[in-house]
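According to my numbering, the stretch in the sequence shown is residues 1 to 249, in order.
Positions of the beta carbon are idealized from the N, C-alpha and C atoms, including for glycine.
Only a predicted model underlies this, so the values are computations on that prediction, with no experimental measurement involved.
Take a look at the structure below.
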Amino acid sequence: ISVSRANDAGLTNDPLNSIKSDLRAHQIGLNSGQMRQALVCAVNASESFATLSELDAALEWSERALQMARATGWPASIGVCLMQVGDVMRLLGRPDESRAYLQEALTVMVALSRSRNHELVLGNLGQLALDVRNHAEALDWFDKFEHHLGANGEADLTMRLRRGQATAHSRLGRAEQAAVYIAEANGLAQAMGNADEQIRVLRIYAEIHRDHALPAPVAMESPSAELHYLNQAIQIAETLTIVIGALMF
């Protein structure tokens, strides 16, 4: 029941309650010997903490999960925990450590190349390359991501892919291609009602319009297209009523 509540909250933009339920389920899993479930819940809690920019807690829980996974010797569990630690390291601005964890995750999951988690690792490596301004390398990783994802990939993974591709193409001077990709990501984010993803998309829209002379959006009230999209992102962010202090962990 706690796992179901955590998943429901995680899929409906409620990371606070997702964390509460995941940590409860993690403890129940430990108490009852369900180690794989306890691992999954710890990783999910770490991801939700990272979504809330609570990076110290995200690192603590991802490292705890990785320590547990290494003790089991299960490649799938080790791989997903390596991926989560690597992504938190990226968010913390520690690219060398991030790359080491993500590359190890690829090696560990070599037999799981069609899995969702393997695809996420490819996407995270692409995002890491963007963070260190290696945009050509980022596109290579996103191409691999797209190849593994296929034409009928899950919507949330497709959003990540298109956001990454849009950013890379924009920074390489390919504004029209960037606009096509970010429009697709925006459509998916709106269709899913994913507020966090819509904010990410709007920030990329703002970056593209800041760096390139593209037509301004219709009915723009702000003095520039960049401010138009950033103001939209702020309006969505203000609808998120999350109180971190209410969480006991």
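Counted within 10 angstroms of its Cβ, other Cβ atoms place residue i as buried (16 or more) or exposed
| i | result |
| --- | --- |
| Tyr229 | buried |
| Pro15 | buried |
| Ser32 | exposed |
| Ala45 | buried |
| His147 | exposed |
| Ala136 | exposed |
| Thr167 | buried |
| Ile234 | exposed |
| Leu11 | exposed |
| Glu176 | exposed |
| Gly29 | buried |
| Ala155 | exposed |
| Glu119 | buried |
| Gln190 | exposed |
| Gln84 | buried |
| Glu221 | exposed |
| Arg90 | buried |
| Gln232 | buried |
| Asp96 | exposed |
| Asp8 | exposed |
| Val40 | buried |
| Asp56 | exposed |
Three-state secondary structure assigned by DSSP to residue i
| i | result |
| --- | --- |
| Thr167 | helix |
| Ser53 | coil |
| Trp74 | coil |
| Ser224 | coil |
| Ser4 | helix |
| Arg265 | With the chain running from 1 to 249 in the structure shown, residue 265 is simply not present. |
| His209 | helix |
| Ala216 | coil |
| Val132 | coil |
| Gly123 | helix |
| Gly153 | coil |
| Leu230 | helix |
| Leu172 | coil |
| Leu92 | coil |
| Ile19 | helix |
Whole-Å CB distance - residue i paired with residue j, under 8 Å assumed
| i | j | result |
| --- | --- | --- |
| Ala185 | Thr239 | That belief does not hold up - the Cβ atoms of Ala185 and Thr239 are roughly 20 Å apart, past 8 Å. |
| Ile208 | Ile182 | 6 Å |
| Ala25 | Val3 | 5 Å |
| Leu102 | Gly86 | 4 Å |
| Leu188 | Met159 | 5 Å |
Element boundaries [alpha helix (DSSP H), containing residue i]
| i | result |
| --- | --- |
| Gln34 | Segment: none, Gln34 is in no alpha helix (DSSP H) and carries neither H nor E. |
| Trp141 | His135 to Leu149 |
| Thr239 | It is not in any alpha helix (DSSP H) - Thr239 carries neither H nor E in the DSSP assignment. |
| Asn13 | Per DSSP, Asn13 belongs to no alpha helix (DSSP H) and is neither H nor E. |
| Ser98 | Pro95 to Val108 |
| Glu184 | Ala175 to Met192 |
heavy atom of the ligand SAH below 7 Å from residue i C-beta
| i | result |
| --- | --- |
| Ala9 | Absence of the ligand SAH from the depicted structure is noted, as is the absence of any ligand whatsoever, leaving it without description. |
Could you check whether the stretch 109 to 126 touches the stretch 72 to 89, counting it as contact only if at least three pairs of C-beta atoms, one from each stretch, sit closer than 8 Å?
yes
With contact counted as at least three CB pairs below 8 Å, one residue from each stretch, are the stretch 156 to 171 and the stretch 110 to 129 in contact?
Touching, yes, given that three or more Cβ pairs across the two stretches are closer than 8 Å.
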